[in-house]
Amino acid sequence: MPPEGELNFTLIGQMVIRQTSGVDMGYIMRTNSEVLVSPLIRNTDNEEFPQLQILSVIDPDTEGVVVCKSGFSSHVTCGKIIGLLDSISGSSDSRVI
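For the sequence shown, my numbering gives the first residue as 483, with consecutive numbering after it.
In structure tokens:
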């Protein structure tokens, strides 16, 4: 259930790519011309900034750059890139990294 508590079943289009292992993501091909879409991320946990506008997309290839992701359950979380091409293994908070 979305944070607002109400589901909206208006379809934007068909999901053309879906991945649930590793990084959970999906791409939707917009086929419903009656639905307006905007490059926004829902951030309803934050009253001051309930929506975050996507201004650009870049390859995150610089240490120190802040990156954010939005998840259905985890909502919006952000962090800094602390290393590139690093290999790590282990566990954190009962999760395997």
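Ideal Cβ positions, reconstructed from N, Cα and C, are used throughout, including at glycine.
Bounding residues of the beta strand (DSSP E) (the contiguous stretch that carries residue i)
| i | result |
| --- | --- |
| V517 | No beta strand (DSSP E) contains V517, which DSSP labels as neither H nor E. |
| I564 | Note, I564: premise wrong, no beta strand (DSSP E); not H, not E. |
| L534 | Q533 to Q535 |
DSSP state of residue i mapped onto helix, strand, coil
| i | result |
| --- | --- |
| T559 | strand |
| I547 | According to the sequence provided, residue 547 is Val. The question's Ile does not apply to it. If DSSP states are grouped into helix, strand and coil, V547 belongs with coil. |
| M483 | For M483, the predicted structure reports a pLDDT of 47, less than 50, and the residue's modelled location is therefore unreliable. A value from the coordinates is still provided. In this structure, M483 counts as coil in the three-state DSSP scheme. |
| G504 | coil |
| S571 | coil |
| S552 | strand |
Supposed contact pair residue j and residue i - C-beta distance, whole angstroms, cut 8 Å
| i | j | result |
| --- | --- | --- |
| C560 | V549 | 7 Å |
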